[in-house]
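Visitor:
Residue numbers (this note's numbering): 12 to 667.
Listed below in structure tokens is the structure:
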């Protein structure tokens with residue numbers, strides 16, 4: 012973690028961490044979304060006409076249009092799947108919807124079509140948005156870089172044309188054009204996009220820098236060490252894409268038996284029609300029995316056994332600030348065995364704060380006096396540590412005297428004249444050359460993972476500030492709750508330094524700490540756990556977390572300061588950054604899963620009884636439809652229980 016203050020009084024606009032432009036696919040640009048929206052609109056037009064006894068030709072035509080717009084695509088995909096000798100549930104649902112229409116249940120069939128069309132559209136949107144964010148990540152790396160020629164001249168070069176051994180000039184506020192080593196110059200570099208470290212890192216000759224990171228106020232000369240196609244940013248893009256493509260297809264619980272059920276139902280329906288016909292039954296009687304069988308055995312109630320509990324859980328979680336992107340996401344959250352947490356921006360707030368003030372004895376300064384000196388000197392700086400000191404002074408209501416003669420030296424600190432005194436604020440290792448009485452204070456601060464900032468007045472040390480990223484108030488309680496839910500203490504995965512990571516982990520009760528990790532290291536850890544048979548939930552917020560989020564069984568992103576890539580890659584987003592909601596949504600997912608199993612048992616019982624009646628007796632078609640619809644209503648109402656306020660588990664006292 013950097014401990015220097017080195018921003019200029021008027022930093023260039025480019026020094027502010029820029030956000031890459033969003034490349035976002037428009038919703039209506041997706042054909043799945045257009046067809047689903049058309050089907051929904053037609054259904055909503057036909058529904059009141061049907062219920063209020065309007066002209067049959069009108070609502071019939073609208074329902075027919077609903078079948079076509081919402082059903083043609085899943086039907087076509089299902090037919091293509093048949094060529095590969097597979098039978099998917101989408102085609103079965105279209106057949107069931109057409110069967111329902113054939114016996115007069117036009118409304119039920121249309122509703123089924125709309126549900127499946129909407130589900131397919133949501134899946135297409137999620138896929139497109141993830142691809143948008145992966146492409147947008149490439150914008151973090153600059154398109155051009157300043158290359159130094161052997162004769163000393165400069166040229167503006169395409170970043171993709173850079174070769175290993177080229178020397179680049181990185182001016183203040185610019186993004187680094189390629190991964191490489193600093194050969195000359197000193198500066199602070201904001202590399203949060205790569206490592207997740209909350210503060211800029213001091214760089215000098217021999218230090219490594221990464222493409223896409225933001226240079227501070229000093230100029231750097233960097234020798235390219237990696238081809239642009241092999242940069243850390245490029246590898247992050249590749250890892251996210253590979254994880255998204257190779258990850259096993261996610262399925263709801265009931266979809267795991269989709270093939271067997273679908274094939275079995277088709278075969279059974281044909282048998283119910285063909286066998287009686289072969290034994291001398293009339294065509295009309297055999298067809299009616301087969302149609303009744305198809306209706307009572309159709310998986311409508313089974314599908315509704317799964318969706319209402321999960322959708323109710325999604326709605327309940329949404330009211331609490333947790334957005335789960337799909338029913339699959341909600342189901343998988345309840346299956347986790349282990350939680351891996353990022354540090355900066357996840358367990359912590361991601362913003363440096365003054366945590367302690369240490370005026371030295373004999374200086375005549377109190378805490379407020381020392382903080383006033385430091386904040387006044389740093390008032391013109393845009394460095395995160397400087398902002399922390401100024402913000403701390405404002406919180407205490409301290410008036411800041413006007414400072415003159417402000418200057419900043421990269422890697423060392425700032426100097427200004429305050430009330431006639433020369434005040435220096437910066438790194439103790441840079442400003443203090445001799446053994447000083449602050450050594451013990453500095454050592455204690457650094458041991459506890461905080462950044463020590465020395466304050467000198469007229470060349471004499473007068474005190475030390477301790478600055479750290481503040482832990483979220485509910486972090487410790489959340490770790491405890493997750494431990495109780497999974498039976499395993501969460502693991503800390505961070506790109507930050509070992510000392511800071513272990514100190515914070517000890518505060519919240521985490522014992523397994525993996526620090527100093529690059530994005531590929533986080534992915535490797537997740538894959539190792541998955542190989543052991545553990546289903547891992549990764550919680551993070553940054554670009555550097557995205558590959559691990561994509562590779563994990565489940566993933567949650569922190570919403571307020573989360574990067575676009577993390578927000579799109581994760582299956583769920585904690586909108587208000589309330590950690591306490593994470594164990595609650597896991598428990599809610601488990602409650603939804605229990606309701607799904609209950610509903611499947613109810614639907615299975617109804618289907619068994621009605622099918623047996625139809626095969627062994629003479630089940631009237633209206634009674635079969637009533638029994639089928641009755642089971643659908645029962646499982647639907649049972650699933651809606653999770654909409655209640657009382658259904659939200661309060662495992663941790665949530666912050667306001």
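All C-beta atoms in this analysis are idealised placements derived from N, C-alpha and C, irrespective of residue type, glycine included.
Using a threshold of 8 Å, state whether the C-beta atoms of residue 583 and residue 340 are closer than that.
Guide: Contact: yes.
Visitor: If we count the other Cβ atoms within 10 Å of its Cβ and call it buried at 16 or more, is residue 533 buried or exposed?
Guide: Classification of residue 533: buried, given that the 10 Å Cβ count is 16 or more.
Visitor: Below 8 Å between beta carbons: does that hold for residue 191 and residue 158?
Guide: Contact: no.
Visitor: How long is the line joining the alpha carbons of residue 650 and residue 609, rounded to whole angstroms?
Guide: Answer to the nearest angstrom: the Cα atoms are 9 Å apart.
Visitor: Using DSSP with H/G/I as helix, E/B as strand and the rest coil, what is residue 545?
Guide: Residue state, collapsed to three classes: coil.
Visitor: Kindly indicate if chain C contains any beta-carbon less than 8 Å away from that of residue 173.
Guide: You won't find chain C in this structure, because it holds only one protein chain.
Visitor: Look up residue 435 in the DSSP assignment and say whether it is helix, strand or coil.
Guide: In the structure shown, residue 435 sits in a strand (DSSP, three-state: E or B).
Visitor: How big is the Cα-Cα spacing for residue 184 and residue 226?
Guide: Taking the straight line from one Cα to the other gives about 5 Å.
Visitor: Hey, how far is the Cα of residue 543 from the Cα of residue 537?
Guide: Cα-Cα distance, rounded: 10 Å.
Visitor: Taking the straight line between their C-alpha atoms, what separation do you get for residue 367 and residue 434?
Guide: Spanning the two alpha carbons is a distance of roughly 19 Å.
Visitor: Alpha carbon to alpha carbon, what distance is there between residue 353 and residue 556?
Guide: If I take the Cα positions, the gap works out to 8 Å.
Visitor: Let me know the secondary structure DSSP gives residue 391 once reduced to three states.
Guide: Correct three-state label for residue 391: coil.
Visitor: Identify whether residue 482 lies in helix, strand or coil by the three-state DSSP scheme.
Guide: Three-state DSSP puts residue 482 in a strand.
Visitor: Below 8 Å CB to CB, which residues in the same chain sit around residue 592 once its five sequence neighbours on both sides are set aside?
Guide: Excluding positions up to five away in sequence, the list reads 328, 331, 332, 333, 585, 665.
Visitor: So, for residue 488: in the same chain, excluding its five sequence neighbours on each side, which residues have a beta-carbon less than 6 Å away from its beta-carbon?
Guide: Hits under 6 Å: 663.
Visitor: Got a sec, what are the start and stop residues for the alpha helix (DSSP H) residue 80 sits in?
Guide: Start and end: 67-94.
Visitor: Rounded to whole angstroms, what's the CA-CA distance from residue 516 to residue 528? Just pull it up for me.
Guide: Cα to Cα, residue 516 sits roughly 15 Å from residue 528.
Visitor: Starting from the N-terminal side, write out each stretch of the beta strand (DSSP E) that is 3 residues or longer and does not extend beyond the stretch 482-517.
Guide: As far as the stretch 482-517 is concerned, its whole beta strand (DSSP E) runs of at least 3 residues are 502-504.
Visitor: How many angstroms separate the CA atom of residue 581 from the CA atom of residue 297?
Guide: In a straight line, the C-alpha of residue 581 is about 51 Å away from that of residue 297.
Visitor: Let me make sure I understand the geometry here. Which of 169, 56, 357, 83 has the alpha-carbon closest to that of residue 71?
Guide: The option with the nearest alpha carbon to residue 71 is 56.
Visitor: Select from 400, 634, 202, 47 the residue whose C-alpha is nearest the C-alpha of residue 2.
Guide: Because the chain is modelled from 12 through 667, residue 2 falls outside the range shown and cannot be assessed.
Visitor: How far does the alpha helix (DSSP H) with residue 458 in it extend, from its first residue to its last?
Guide: Residue 458 -> alpha helix (DSSP H) spans 450-458.
Visitor: Can you confirm whether the stretch 489-500 touches the stretch 385-398 when touching is taken to mean that 3 or more C-beta pairs between the two stretches lie within less than 8 Å?
Guide: Segments in contact, no.
Visitor: Count the other CB atoms, across all protein chains shown, that sit within 10 Å of the CB of residue 291; report buried if there are 16 or more and exposed otherwise.
Guide: Exposed is the call here.
Visitor: Leaving out five residues on either side along the sequence, give the residues of the same chain with a beta carbon under 8 Å from the beta carbon of residue 522.
Guide: Hits under 8 Å: 500, 516.
Visitor: Comparing C-alpha positions only, which one of 156, 282, 595, 302 sits nearest to residue 115?
Guide: When each option's Cα is compared against that of residue 115, the closest is 302.
Visitor: In or out: residue 195 buried (at least 16 other Cβ within 10 Å) or exposed?
Guide: Answer is exposed; the Cβ neighbour count stays below 16.
Visitor: Starting from residue 430, follow its DSSP beta bridges and name the residues at the other end.
Guide: Partner(s): none; residue 430 has no beta bridge.
Visitor: State the CB to CB distance for the pair residue 54 and residue 125, rounded to an integer number of angstroms; the pair is presumed to be in contact (CB under 8 Å).
Guide: At roughly 5 Å, the Cβ-Cβ gap stays under 8 Å, so residue 54 and residue 125 are in contact.
Visitor: In its own chain, which residues sit with a C-beta less than 7 Å from the C-beta of residue 379, not counting the 5 before and 5 after it?
Guide: 407, 409, listed in sequence order.
Visitor: Give the DSSP-derived three-state secondary structure of residue 221 in the structure shown.
Guide: Residue state, collapsed to three classes: coil.
Visitor: Could you tell me the alpha carbon to alpha carbon distance between residue 92 and residue 326, rounded to whole angstroms?
Guide: If I take the Cα positions, the gap works out to 33 Å.
Visitor: Taking the alpha carbon of residue 217 as the reference point, which residue from 211, 198, 228, 223 has its own alpha carbon closest?
Guide: Nearest of 211, 198, 228, 223 to residue 217, Cα basis: 198.
Visitor: Out of 587, 605, 551, state which residue places its alpha-carbon closest to the alpha-carbon of residue 579.
Guide: When only C-alpha atoms are compared, the closest one is 551.
Visitor: With a 10 Å radius around its C-beta and 16 neighbouring C-beta atoms as the bar for buried, classify residue 413 as buried or exposed.
Guide: Per the 10 Å Cβ criterion, exposed.
Visitor: For residue 555, list the residues DSSP reports as bridge partners.
Guide: DSSP, once it has assigned bridges, lists no residue as partnering residue 555.
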